[in-house]
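K.L.:
What follows is the structure in structure tokens.
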């Protein structure tokens, strides 16, 4: 697994957050064995207890995740309308740049991710969201 994938898993599981251009350890991350270390040349970094490797968060079942564009194609709406619709349902919220998953969104399987180059947050969804009653009803009303 490459380092970008590992950081995305830590981010999605609430163990780390991105603040400005730095990764910061969350309280949840500390509870799971993360610590801040200092190196004389590279500065501060996050280190993890060896036991983190056996965590089930790394069991990457190759579940298909759908982004807002894929949802918009499925429901036949503009890709620019999909995240605002998800926001109205309380699944995501607008952040300074991009979209972040809410507690309700997490409860239905939303995964918080961010673009590698820009750090802009976005949310992907399991295929089961296509059968979410509230979403389907909303999309039918819009049609």
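Numbering (our numbering), first residue to last: 20 to 162. Glycine included, C-beta positions come from ideal geometry on N, C-alpha and C.
Please classify residue 143 as buried or exposed, where buried requires at least 16 neighbouring CB atoms within 10 angstroms.
P.N.:
Taking the first residue of the chain shown as 1, we reach residue 143 at position 124. It counts as buried.
K.L.:
Taking DSSP as the reference, what is the three-state secondary structure of residue 133?
P.N.:
The residue you call residue 133 lines up with position 114 of the chain shown. In this structure, residue 133 counts as strand in the three-state DSSP scheme.
K.L.:
Residue 76: buried (16+ other C-beta within 10 angstroms of its C-beta) or exposed?
P.N.:
Position 57 of the chain shown, counted from the first residue, corresponds to residue 76. It is exposed - the Cβ of residue 76 has fewer than 16 other Cβ atoms within 10 Å.
K.L.:
On the three-state DSSP scale, how would you describe residue 61?
P.N.:
Start at 1 with the first residue of the chain shown, and residue 61 comes out as number 42. Residue 61: coil per DSSP, three-state reduction.
K.L.:
Between which two residues does the beta strand (DSSP E) containing residue 41 stretch?
P.N.:
On the chain shown, position 22 is the one that residue 41 refers to. That run of the beta strand (DSSP E) goes 41-44.
K.L.:
Taking the continuous alpha helix (DSSP H) assigned at residue 72, which residues delimit it?
P.N.:
Counting from 1 along the chain shown, the entry for residue 72 is found at position 53. Residue 72 -> no alpha helix (DSSP H), and no H or E assigned at all.
K.L.:
Take residue 38 as the anchor and find which of 115, 129, 50 has the nearest alpha-carbon.
P.N.:
Taking the first residue of the chain shown as position 1, residue 38 is located at position 19. Comparing Cα-Cα distances from residue 38 to each of 115, 129, 50, the minimum goes to 115.
K.L.:
Mapping DSSP to helix, strand and coil, what is residue 142?
P.N.:
Within the chain shown, residue 142 is the residue found at index 123, counting from 1. Residue 142 falls in the strand class under three-state DSSP.
K.L.:
Can you tell me where the alpha helix (DSSP H) with residue 113 in it begins and where it stops?
P.N.:
For this step, residue 113 is matched to residue 94 along the chain shown. First-last for residue 113: 111-113, but that is the beta strand (DSSP E), not the alpha helix (DSSP H).
K.L.:
For residue 96, which of helix, strand or coil comes out of DSSP?
P.N.:
Against the chain shown, residue 96 aligns to sequence position 77. If DSSP states are grouped into helix, strand and coil, residue 96 belongs with coil.
K.L.:
Thinking just about the alpha-carbon of each residue, which of 23, 138, 127 is nearest to the one in residue 147?
P.N.:
On the chain shown, residue 147 is found 128 positions in, with the first residue counted as 1. Per the Cα distances, 127.
K.L.:
Is the beta carbon of residue 56 closer than 7 angstroms to that of residue 64?
P.N.:
The count along the chain shown starts at 1 and reaches residue 64 at position 45. The count along the chain shown starts at 1 and reaches residue 56 at position 37. A contact, by the Cβ cut-off of 7 angstroms.
K.L.:
With the cut-off set at 7 angstroms, would you say residue 139 and residue 131 are in Cβ contact?
P.N.:
Residue numbering aside, residue 139 sits at position 120 when the chain shown is read from its first letter. Residue numbering aside, residue 131 sits at position 112 when the chain shown is read from its first letter. Going by C-beta atoms, residue 139 is not nearer than 7 angstroms to residue 131.
K.L.:
For residue 161, which of helix, strand or coil comes out of DSSP?
P.N.:
Translated into positions along the chain shown, residue 161 becomes position 142. Here residue 161 sits in helix by DSSP.
K.L.:
For the beta strand (DSSP E) holding residue 22, just list the boundary residues, first then last.
P.N.:
Numbered from 1 along the chain shown, position 3 holds the residue referred to as residue 22. Unbroken run through residue 22 is the alpha helix (DSSP H), 22-31; no beta strand (DSSP E).
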